[in-house]
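Same order as they appear, the protein sequences are chains P and H.
First residue of the first sequence: 25, per our numbering; consecutive thereafter.
First residue of the second sequence: 107, per our numbering; consecutive thereafter.
Glycine included, each C-beta is placed from N, C-alpha and C at the ideal position.
These notes are about the structure you will find just below.
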Amino acid sequence: MPQKKNKKLQPIQKQLLPADISEETLHTFYREMLLIRRFEEKAGQLYGMGKIGGFCHLYIGQEAVITGVQSSLSDGDSVITGYRCHGHMLSAGASPKEVMAELTGKVAGVSQGKGGSMHMFVRGKFYGGHGIVGAQVPLGTGLAFANKYNGNDRVTVTFFGDGAANQGQVFEAFNMAALWKLPVIYVIENNQYAMGTALSRSTAIEELYRRGAAFGIDGQRVDGMDVLEVKRVTEAAVSKCRLGEGPILLELMTYRYRGHSMSDPAKYRSKEEVHKVRDERDPIENLKKLIVDSGYKTEEDLKKEDKSIRSMISEAAEFAQMSPEPDPSALTTDIYMDDRWVDRKNV
Amino acid sequence: MSEISVREALRDAMAEEMRLDKNVFLMGEEVAQYQGAYKVSQGLLEEFGERRVVDTPITESGFTGIGVGASMGGLKPIVEFMTFNFAMQAIDHIINSAAKTLYMSGGLIPIPIVFRGPNGPASRVGAQHSQCFASWYAHVPGLKVVSPWSAQDAKGLLKASIRDPNPVVFLENELLYGEVFEIPETEEDIIPIGKGNIVRAGCDITVTAFSAMVPKAIQAADMVAHEGISVEIIDLRTIKPLDSDIILDSVKKTNRLLTLEEGWQSSGIGAEIAAIVVSSAFDYLDAPIERITGVDVPMPYAANLENIALPQVNTIAESICRLCHKRI
Ligand SMILES: Cc1ncc(C[n+]2csc(CCOP(=O)(O)OP(=O)(O)O)c2C)c(N)n1
Ligand SMILES: [Mg+2]
């Protein structure tokens, strides 16, 4: 089904901006989400050209989740997620060049080409980038443990998928977080699918926000396609957490437009289903409409913006392709903090 | 000199490091109020309070992940496993989250953490509670693996492990906790990771051992001394990085090698040592290398079967004599 040009967008619920949301904020959100989308589209292209190897999980469709959440955080707060982490990296302030160079496995990459698409970090802010489904949940809980131990008021946001929500260690972490009142916000990015498995085929009770109930963790379901709603709810959660009222669970309803990873043709769902979400709930299109309707920017202004983002991403792609690969000597560095331990005999 | 048990040595190591570094804390099942399932953390709750001595629910995967996350967040956790058998629930975090993160992050995210607890065969507890994991962890780049025998080594190596900026798997032995050793009172009692120790010098054969196999090696060496065989015993102390120099130097002198371990033979520590010696000191060998290990079976419960599943002093002595062409 070809994409219709004049699609009918569902207007964002609140026609009037909430008092605390400035037009400037809307604009920033727009740029940040668009940056992620254009980045991911380019990553998809580079993957198709064979410039990116292995697994590559795109975030297209889910941009409002990290953008809204990140905007509610302050310096010192931390974020952790699974392998679908490009958007989280960009949102944490990593440069598109360095993230793209990591995807192409180059030494200029954020992990010097040794992590790849799934393993990227921003020290003090974003803690990865983890490939074992669910493992980031105790890890994020541990980051929160460290903050509580240190007696500061920092908050950790731990993201995971609807599929990851079924892992046993998630419940182990919930229990300890609740027992020790840790300042952690669990954000389930419910994009309806875990690879090819629809939520209804994997999950006895689909209201994932209720998953914390057994531990007394408050849960809330949020429209994860509405960046303003995400911001509003997360801000409230963050303030509660800072006051020692964590942990908190948020289920953000979202959708990924692309396959699970680049190798997935997504045969397990209909094209119509995807198009319907794109047409009706797209976080960027809806925000764009709000901005234009508010009169803050014209469609023309935003187009220009898009163009400048595209060119920034093209530069990043160029950079990522032109940069050198890591020196072979990098093979055996960073295994231990003191690399004299490394046995180079069999290199 | 003072007398101290391995149990106390481990506790003292933790207490001393916790006094020195406020980021060091202990977590695990029964470590606080119960004072440790094997009473290793005796007194720590009283001194350091429940903020730094943390009882966890029975959730190895969960609390190990929390420990690793806390390490990412700047703390230096000591994660106690009630025994290493249960760490299999958590081995994903030990390997995938702790050992690999520094590398995956291009050096950005260090994980200073100690995973410790009793390892190896215990007594009459059956297959699921009686197993040596040394070779499992020694296989993993990014981990250091330590397994001491004496109280002095236990203390010095645990202190070194806590100070180490990398993930360290610290394998203790339940049956050694009550063993008492003389320990010199020195200012600096750190023992560096990665260094073996010649616990007995000799010239006819090299025997490598670690943890509970060291005293058995010593007994066997006493037995064969009557036959005029002089055994050099190396306590490996660290399994990874293995002190291959100390082994090679010794084999070049004795020209014979017997390796001991309680773990299974297949792909074990002995196989690794044999490969190192064959590739670097082949010409020095006057006899085939022998490995005495636990038998490749799940640990049986029956006393007699358990006995023959584990390396015994007699067998060790016989093997030494055979390699040295002597009969007992
Ligand atoms: C422990 C583990 N099991 C299986 C996999 C393979 N795997 C990778 S992603 C994935 C689906 C996860 O889905 P979800 O949690 O919903 O996250 P999403 O991909 O939708 O973001 C699976 C099964 C894995 N990486 N780790
Ligand atoms: Mg999903």
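Using CA coordinates, which residue listed in Glu48/P, Asp186/P, Ile60/P is at the minimum distance from Ser226/P?
Checking every option, the nearest Cα to that of Ser226/P belongs to Asp186/P.
Which residues, in order along the region 202-216 of chain H, keep a beta-carbon less than 8 Å from a beta-carbon of chain P?
Asn202, Ser203, Thr207, Leu208, Tyr209, Met210, Ser211, Gly212, Gly213, Leu214, Ile215, Pro216
Who sits around ligand 2, taking every residue whose Cβ is closer than 6 Å to one of its heavy atoms?
Gly185/P, Asp186/P, Gly187/P, Asn215/P, Tyr217/P, Ala218/P
Can you name the residues of chain P whose CB is closer than 7 Å to the CB of Leu181/H?
Ala170, Tyr173
Any heavy atom of ligand 1 closer than 6 Å to the beta-carbon of Arg108/P?
yes
Closest to Val301/P by CA distance: which of Phe184/P, Asp288/P, Ile229/P, Asn215/P is it?
Asn215/P
Taking only beta-carbon atoms, is Arg282/P less than 7 Å away from chain H?
no
I want to see whether chain H comes within less than 7 Å of Pro162/P, judged by CB atoms only; does it?
Judged by the 7 Å Cβ criterion, Pro162/P is in contact with chain H.
Does the pairing of the region 395-405 of chain H with the region 367-379 of chain H give three or more beta-carbon distances under 8 Å?
yes
Restricting to runs no shorter than 3 residues, where is the beta strand (DSSP E) found entirely within the region 191-243 of chain P?
208-214
Shorter than 6 Å, the distance from the beta carbon of Val384/H to the closest heavy atom of ligand 1, or not?
False, no ligand heavy atom lies under 6 Å from that Cβ.
Mind listing the chain H neighbours of Tyr45/P? Cutoff is C-beta to C-beta under 7 Å, in chain order.
This sequence places Ile at residue 45/P; Tyr is not what is there. The premise fails here: Ile45/P is roughly 32 Å from chain H at the closest Cβ pair, so nothing lies under 7 Å.
Whole-angstrom Cβ separation of Arg117/H and Ser147/H, contact assumed at under 8 Å?
6 Å
Rounded to the nearest angstrom, what separates Val179/P and Leu411/H at their Cα positions?
When rounded, the distance between both Cα atoms is 55 Å.
Could you tell me whether the Cβ of Met178/H comes closer than 7 Å to any Cβ of chain P?
yes
Mind the definition here: the region 200-211 of chain H touches the region 121-140 of chain P only if three or more C-beta pairs lie below 8 Å; say whether that holds.
At 8 Å Cβ cutoff, the stretches touch.
Name the chain H residues whose beta carbon is nearer than 7 Å to that of Asn190/P?
Simply none; closest approach about 14 Å.
Just curious, the alpha helix (DSSP H) that Phe131/H is in, first and last residue?
Unbroken run through Phe131/H is the beta strand (DSSP E), 130-134; no alpha helix (DSSP H).
Ends of the alpha helix (DSSP H) at Ile382/H?
375-387
I'd like the list of long-range same chain contacts for Asn129/H, defined as Cβ closer than 7 Å, with 5 residues on each side in sequence excluded.
The answer, listed in chain order, is Gly180, Leu181, Lys182.
Taking 7 Å as the CB-CB cut-off, is Tyr107/P touching chain C?
As a matter of chain content, chain C is missing from the structure shown, whose protein chains are P and H.
Less than 7 Å between the C-beta atoms of Tyr107/P and Gly155/P, yes or no?
yes
For Asp161/H, which of Gly149/H, Gly175/H, Val275/H, Val137/H has the nearest alpha-carbon?
Val137/H
What did DSSP end up calling Gln345/P once you bin it into helix, strand or coil?
helix
What are the partner residues of Glu288/H, as DSSP defines its beta bridges?
Glu109/H
Short of 6 Å in beta carbon distance, which residues of its chain neighbour Val194/P, apart from the five on each side in sequence? Order them along the chain.
Gly158, Val161
Counting pairs of beta carbons, one from the region 274-282 of chain H and one from the region 245-253 of chain H, are three or more of them closer than 8 Å?
yes
Could you tell me which chain H residues have their CB closer than 7 Å to the CB of Lys321/P, listed as they occur along the chain?
The contacting residues do not exist; Lys321/P stays about 37 Å from chain H at best.
Give me whichever residues DSSP pairs with Gln136/P in a beta bridge.
According to DSSP, which records beta bridges pairwise, Gln136/P is partnered with nothing at all.
Within the same chain, show all residues whose beta-carbon is closer than 7 Å to that of Met178/H, passing over the 5 residues directly before and after it, in chain order.
Counting only Cβ-Cβ distances below 7 Å, and skipping sequence neighbours, we find Ile215, Ile217.
Whether or not the region 111-127 of chain P and the region 283-295 of chain P are in contact is what I'm after, with contact meaning three or more pairs of Cβ atoms, one per stretch, closer than 8 Å; do they touch?
no
Would you mind giving the Cβ-Cβ distance between Cys238/H and Glu333/H, rounded to the nearest angstrom? I have them listed as a contact below 8 Å.
Wrong, their Cβ atoms sit about 30 Å apart, outside the cutoff.
Taking just the CA atoms, how far does Ile324/H sit from Thr421/H?
Rounded to the nearest whole angstrom, the CA to CA distance from Thr421/H to Ile324/H is 13 Å.
Roughly how many whole angstroms lie between the Cα atoms of Pro352/P and Ala188/P?
36 Å
Quick one: what does DSSP say Asp259/H is sitting in, helix, strand or coil?
helix
Among residues of its own chain, excluding the 5 on either side of Ala340/P, which ones have a beta-carbon nearer than 6 Å to its beta-carbon?
Pro120, Lys121, Met124
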